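The structure appears below as structure tokens.
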Ligand code: SAH
Ligand code: DHB
Ligand code: MG
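In this note's numbering, the protein residues as written are 313 to 532.
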């Protein structure tokens, strides 16, 4: 019941605030047609990420976990001229769909998709001195989140904003004996709490994707 009204409210917010958009709507349609899991951020969440980037004036963005590039499009739409998005994905099939979606959205020139395990790509980015990034969105395999946060610290500067998706998981975050994903998100919150260079919080969300949440932190 709650879930139904949450989805209806998301639909209403979308109808009021998020006009039809060829690039975004087309990406979701292609993702489903190609059989990608329906775990993209929701439209209202995508817009929220887009606004965070713009509010903070971020230019160089790093995303960990591309899927079909739906969140990537929202992020790339937010960067000013001269900005860029680097997005990391280990599934060739997902990256291929993302490439097509970004092309259709007219954003290919702004986005670099790096194929391979994100931990390898992060090490390569650090070795290449590709950072620092102004905004980092972590949305891949949750058990690796503490490692992703460690890399994010290395690839950041004071003021960098770090956002982690899926930190509530229908409340499963409370379960200290939870599965590997739950352990990963509990470690995410612990990391943010214990790392003195980070100042953050987590916000619960309800909507089309159920009861979940974002962790948000800024590098001091
Ligand atoms: N950010 C996307 C959703 C990402 S879903 C959106 O909102 O539109 C998570 C993605 O992370 C999947 O495509 C999955 O293949 C990828 N992934 C999982 N483990 C990974 C790893 N170790 N390295 C890189 N990508 C990984
Ligand atoms: C899952 C992963 C996500 O990143 C998400 O936003 C929702 C669900 C999952 O793996 O089930
Ligand atoms: Mg997610």
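Each residue gets a CB set at the ideal place from its N, CA and C atoms; glycine is no exception. Bear in mind the structure is a predicted one, so any value in this text is a computation, not a measurement.
Within 8 Å, strictly: CB atoms of residue i and residue j
| i | j | result |
| --- | --- | --- |
| residue 603 | residue 353 | This structure leaves residue 603 out entirely; the chain is present only between 313 and 532. |
| residue 512 | residue 529 | yes |
| residue 490 | residue 456 | no |
| residue 536 | residue 443 | Any answer about residue 536 is impossible in this case: the structure gives the chain only from 313 up to 532. |
| residue 479 | residue 447 | no |
| residue 359 | residue 330 | yes |
| residue 342 | residue 412 | yes |
| residue 426 | residue 397 | no |
| residue 473 | residue 380 | no |
| residue 445 | residue 364 | no |
| residue 476 | residue 430 | no |
| residue 521 | residue 493 | no |
| residue 395 | residue 372 | yes |
The ligand SAH heavy atom lying under 7 Å from the CB of residue i
| i | result |
| --- | --- |
| residue 419 | no |
| residue 416 | no |
| residue 401 | yes |
| residue 352 | yes |
| residue 406 | yes |
| residue 430 | yes |
| residue 472 | no |
| residue 383 | yes |
Buried or exposed by the 16-neighbour rule on C-beta atoms within 10 Å, applied to residue i
| i | result |
| --- | --- |
| residue 439 | exposed |
| residue 376 | buried |
| residue 393 | exposed |
| residue 328 | exposed |
| residue 357 | buried |
| residue 470 | exposed |
| residue 432 | exposed |
| residue 406 | buried |
| residue 317 | exposed |
| residue 488 | exposed |
| residue 481 | buried |
| residue 355 | buried |
Residues that residue i bridges to, as DSSP identifies them
| i | result |
| --- | --- |
| residue 519 | 522 |
| residue 396 | 372 |
| residue 511 | 530 |
| residue 401 | 427 |
| residue 351 | According to DSSP, residue 351 bridges with nothing at all. |
| residue 503 | Partner(s): none; residue 503 has no beta bridge. |
| residue 475 | 449 and 528 |
Proximity test, residue i beta-carbon vs the ligand MG heavy atom, cut-off 7 Å
| i | result |
| --- | --- |
| residue 322 | no |
| residue 451 | yes |
Contact test: residue i Cβ vs the ligand DHB heavy atom, cutoff 7 Å
| i | result |
| --- | --- |
| residue 477 | yes |
| residue 337 | no |
| residue 521 | yes |
- Task: Could you tell me whether the segment 418-425 touches the segment 384-392, where touching means 3 or more Cβ pairs closer than 8 Å?
- Result: Because the criterion of three Cβ pairs below 8 Å is met, the segment 418-425 and the segment 384-392 touch.
- Taking 8 Å as the threshold, find out whether the segment 329-342 comes into contact with the segment 409-418 through three or more Cβ pairs. With the cut-off at 8 Å, the segment 329-342 and the segment 409-418 touch.
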